[in-house]
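Residue 16 is where the sequence shown starts when you use my numbering, and the numbers rise one by one after that.
In this text, a Cβ means the ideal position worked out from N, Cα and C, and glycines have one as well.
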Amino acid sequence: MASGESLNIDAILAVLRRFSQLEGQKQPNETHGYGTVASSKIELSYTSRSPIPLLLPAAPFKNSSPLKVLDTKNPDFAEELGLARLDHLCNELAKVYRYGAELTIVSDGPVYNDLLCIPGSDFYDYGIKLRKIAADQGFTRIRFRRLADVLGIANGDSLSKDEYIALAGTCRAEMEARFLPDQAEIKEKIETHKDTNLTYQAYVKLTDEDLRWGPDLDPEVKNDKERYAEETKKVAVKMTERLLAYERALEAAFPDHIRLSIHRSTGESKIPVPLIPQLDGFGLQPWHCCVVVTAQGRYVTGHFKDYQHNDNYEIIQKDGRPFLVREKNDDFNWPEHIKLHHTYGGKVMVENTLLEDMELTTEWKVKLANLALRFKTVEVRGFQI
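Structure (structure tokens):
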């Protein structure tokens, strides 16, 4: 909790800028246009002595392309890093704002799953697994909501899996009926509104690459080049239409929340927050990529196809499932009973899982020293130091 009673909006905005990355940003911590809107919402929270409410529509379902992700059904290291960064943002805000911050993630799975031919069970199961990660990691400042909650149709958490999947079509129809702009406005938004156009272009690329992997896609469309190209364009437009309706629905349901985005943005209408920041750009979204741990200690977002046949990399598993890709290096090679765990913030933990070999050998000390030079933090467990 921040010390003192006064409200320091500049300090709060500085934290938000530190975690954001604007499209066309010239320098770190550059001011974005949404700051004025955010300031007024911060003042409302302070007046009511309540946490700063943050809103992030995200985490629809895991990408169905095995060329991009390690596992098309389950979250992995990428999602752990993304959730950890959001928790970190809330914790940093709590240092400069005495009432703290709470972040609500609204899963947009049912907004788009039918367009990308993704079964309803996939988006539901993915959301449940993300909730478990947040609970296991102690991310108590993060909340999860569903489209049914946004629209006021039902309490999403009270519905069974079958009930919520069955309700998805009703939610989409209700959202479009209440919030979909007319076609002229949609066309104008795509052509002239920078943020909408950026997202539309991302959807065009996404559908071209990924629609073919949707389990429910008609095989005749998938196998016909012209029909597939036509279908991807239609889906990209429809996704953008749904996006505009969805954003209006979110604004109506959460008028006092500061809007974050996992898409590239100018920062005029929302604050773009990359979940796995990269040195050379915004970074890929966790559900569309795998994370590569390099020998130099970097966490790089990439597509699995670029590493799966490269002998310089290996898949690291967790709980019997592929978890991350790691560059091969002798400093990562330890006896079977000594495990390496990579975590948020560039940290690596070296854990001895047996009550023997507890004394560090000279070779192991050298490896630890090398890891300490490359990673931000090295923690050692189960050894006599």
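### Query
Quick one: what does DSSP say M254 is sitting in, helix, strand or coil?
Residue 254 sits at position 239 when you count from the first residue of the sequence shown. Here M254 sits in helix by DSSP.
### Task
Please state if the CB of V308 and the CB of G317 are separated by a distance shorter than 8 Å.
The sequence position of residue 317 within the sequence shown is 302, counting from 1. The sequence position of residue 308 within the sequence shown is 293, counting from 1. Result no, Cβ atoms of G317 and V308 do not sit closer than 8 Å.
### Query
Distance, Cα to Cα, N89 vs L131?
As a first step, residue 89 must be located in the sequence shown, where it is residue number 74. As a first step, residue 131 must be located in the sequence shown, where it is residue number 116. Looking at the two C-alpha atoms, the distance is approximately 18 Å.
### Which of helix, strand or coil DSSP assigns to P287
What you label residue 287 is simply residue 272 of the sequence shown in a count that begins at 1. Strand at P287.
### Query
Are the region 197-211 and the region 137-144 touching by the rule of at least three beta carbon pairs closer than 8 Å?
no
### Query
Given a threshold of 16 other Cβ atoms within 10 Å of its Cβ, counted over all protein chains shown, does Q332 qualify as buried or as exposed?
Position 317 of the sequence shown, counted from the first residue, corresponds to residue 332. By the neighbour-count rule (16 or more Cβ atoms within 10 Å), Q332 is not buried but exposed.
### Task
Output the boundary residues of the beta strand (DSSP E) element that contains S175.
Sequence index remark: in the sequence shown, residue 175 carries index 160 (1-based). That residue, S175, is in no beta strand (DSSP E); it is neither H nor E in DSSP.
#### Entry: Where S327 falls: helix, strand or coil (DSSP)
For the purposes of this step, residue 327 is identified with residue 312 of the sequence shown, where counting begins at 1. In the sequence on display, residue 327 carries Asn and not Ser. N327: coil per DSSP, three-state reduction.
### Task
Alpha carbon to alpha carbon, how far is L265 from G167? Give it in angstroms, no decimals.
By 1-based counting over the sequence shown, the position of residue 167 is 152. By 1-based counting over the sequence shown, the position of residue 265 is 250. Here the alpha carbon of G167 sits roughly 11 Å from the alpha carbon of L265.
### Query
Does DSSP classify V381 as helix, strand or coil?
Along the sequence shown, one-based indexing puts residue 381 at 366. Note: V381 maps to helix in three-state DSSP.
### Query
By how many angstroms is the C-alpha of Y61 removed from the C-alpha of S18?
Mapped onto the sequence shown, residue 18 falls at position 3. Mapped onto the sequence shown, residue 61 falls at position 46. Note that S18 scores a pLDDT of 46, beneath 50, so its modelled location is shaky; the value from the coordinates is reported in the next line. Those two C-alpha atoms are separated by around 14 Å.
### Query
Between which two residues does the alpha helix (DSSP H) harbouring H103 extend?
On the sequence shown, residue 103 is found 88 positions in, with the first residue counted as 1. Residues 92-111.
### Message
Suppose contacts are defined by Cβ-Cβ distances below 8 Å. Is L69 in contact with A109 by that definition?
### Response
Locating residue 69 in the sequence shown gives position 54, where the first residue counts as 1. Locating residue 109 in the sequence shown gives position 94, where the first residue counts as 1. No, Cβ-Cβ distance for L69 and A109 is not below 8 Å.
### Query
From L174, R341, F398, pick the residue whose C-alpha is nearest to that of L375; which is it?
Counting from one through the sequence shown, the residue named residue 375 turns up at place 360. Cα-wise, what sits closest to L375 is F398.
### Query
R160 and T185: beta carbons closer than 8 Å?
Residue mapping note: residue 160 aligns to position 145 of the sequence shown, counting from 1. Residue mapping note: residue 185 aligns to position 170 of the sequence shown, counting from 1. Cβ distance not < 8 Å, so R160 and T185 don't count as in contact.
### Query
Which same chain residues, not among the five before or five after K253, have their C-beta less than 6 Å away from its C-beta?
The sequence position of residue 253 within the sequence shown is 238, counting from 1. Excluding sequence neighbours, K253 sits near L130.
### Message
For the region 294-302 against the region 332-344, do three or more pairs of beta-carbon atoms, one drawn from each stretch, fall closer than 8 Å, so that the two count as touching?
### Response
No contact exists between the region 294-302 and the region 332-344.
### Query
In its own chain, which residues sit with a C-beta less than 6 Å from the C-beta of V126, not counting the 5 before and 5 after it?
Taking the first residue of the sequence shown as position 1, residue 126 is located at position 111. Within the same chain, V126 has close Cβ partners R257, Y261.
### Task
Please state if the CB of K83 and the CB of F319 are separated by a distance shorter than 8 Å.
The count along the sequence shown starts at 1 and reaches residue 319 at position 304. The count along the sequence shown starts at 1 and reaches residue 83 at position 68. Yes, the Cβ-Cβ distance between F319 and K83 is below 8 Å.
### Message
Here's the rule I'm using: 16 or more other beta-carbon atoms within 10 Å means buried, otherwise exposed. How should E95 be labelled?
### Response
Translated into positions along the sequence shown, residue 95 becomes position 80. Flag for E95 reads buried.
### Query
Could you give the C-beta distance for A99 and Q152, rounded to a whole number, given that I count them as a contact under 8 Å?
Locating residue 99 in the sequence shown gives position 84, where the first residue counts as 1. Locating residue 152 in the sequence shown gives position 137, where the first residue counts as 1. Yes, A99 and Q152 are in contact; Cβ-Cβ is about 7 Å, under 8 Å.
### Task
Assign A267 to one of two classes, buried (16 or more other C-beta atoms within 10 Å of its C-beta) or exposed (fewer than that).
Sequence index remark: in the sequence shown, residue 267 carries index 252 (1-based). That one is exposed.
### Query
Leaving out five residues before and five after D223 in sequence, what residues of the same chain have Cβ atoms less than 6 Å from its Cβ?
Position 208 of the sequence shown, counting from 1, holds the residue named residue 223. In chain order, T247 place their CB closer than 6 Å to the CB of D223, counting only its own chain and leaving out the 5 sequence neighbours on each side.
### Query
Can the beta-carbon of Y179 be found closer than 8 Å to that of A192?
Against the sequence shown, residue 179 aligns to sequence position 164. Against the sequence shown, residue 192 aligns to sequence position 177. Against a cut-off of 8 Å, the Cβ pair of A192 and Y179 comes out as no contact.
### Message
Just to confirm the assignment, what range does the alpha helix (DSSP H) spanning I133 have?
### Response
One-based indexing of the sequence shown puts residue 133 at position 118. No alpha helix (DSSP H) contains I133, which DSSP labels as neither H nor E.
### Message
Using a Cβ-Cβ cutoff of less than 8 Å, which residues in the same chain neighbour E401 once the five nearest sequence positions on both sides are dropped?
### Response
As displayed, the chain neither begins before 16 nor continues past 400, which places residue 401 out of reach and without an answer.
#### Entry: L71 classed as buried or exposed, judged by whether at least 16 other C-beta atoms fall within 10 angstroms
Start at 1 with the first residue of the sequence shown, and residue 71 comes out as number 56. That one is buried.
### Query
Relative to the alpha-carbon of I133, which residue among F194, L232, S175, V165 has its alpha-carbon at the smallest distance?
Translated into positions along the sequence shown, residue 133 becomes position 118. The shortest Cα separation from I133 among F194, L232, S175, V165 belongs to L232.
#### Entry: Alpha-carbon to alpha-carbon, R263 and F269
As a position in the sequence shown, residue 269 is number 254, starting the count at 1. As a position in the sequence shown, residue 263 is number 248, starting the count at 1. Taking the straight line joining both Cα atoms gives about 10 Å.
### Message
If you measure between the beta carbons of I273 and I67, is that distance less than 8 Å?
### Response
Taking the sequence shown and counting its residues from 1, the one referred to as residue 273 is at position 258. Taking the sequence shown and counting its residues from 1, the one referred to as residue 67 is at position 52. The answer is yes: Cβ separation under 8 Å.
### Task
In angstroms with no decimal places, state the Cα-to-Cα distance between I205 and L213.
As a working mapping, residue 205 is identified with position 190 in the sequence shown. As a working mapping, residue 213 is identified with position 198 in the sequence shown. Between I205 and L213, the C-alpha separation is close to 9 Å.
#### Entry: Limits of the unbroken beta strand (DSSP E) element including P337
As a first step, residue 337 is located in the sequence shown; it is residue number 322 there, counting from the start. It spans 336-342 - the beta strand (DSSP E) in which P337 sits, taken as one unbroken run.
### Task
Please name the residue in F194, K249, A188, E241 whose C-alpha comes closest to that of Q216.
Here residue 216 refers to the residue found at position 201 of the sequence shown. For the residues F194, K249, A188, E241, the minimum Cα distance to Q216 belongs to K249.
### Message
Tell me which residues share the same chain as L182 and place their Cβ nearer than 8 Å to its Cβ, disregarding the 5 neighbours each side in the sequence.
### Response
Indexing the sequence shown from 1 puts residue 182 at position 167. These residues qualify, in order along the chain: A163, I168, A169, L174.
### Message
I need the boundaries of the beta strand (DSSP E) containing L213, first residue and last residue.
### Response
In the sequence shown, residue 213 corresponds to position 198, counting from 1. Per DSSP, L213 belongs to no beta strand (DSSP E); it is in the alpha helix (DSSP H), 209-225.
### Task
Report yes if the C-beta distance between R158 and Y114 is below 8 Å; otherwise report no.
Taking the sequence shown and counting its residues from 1, one reaches residue 158 at position 143. Taking the sequence shown and counting its residues from 1, one reaches residue 114 at position 99. Not a contact, by the Cβ cut-off of 8 Å.
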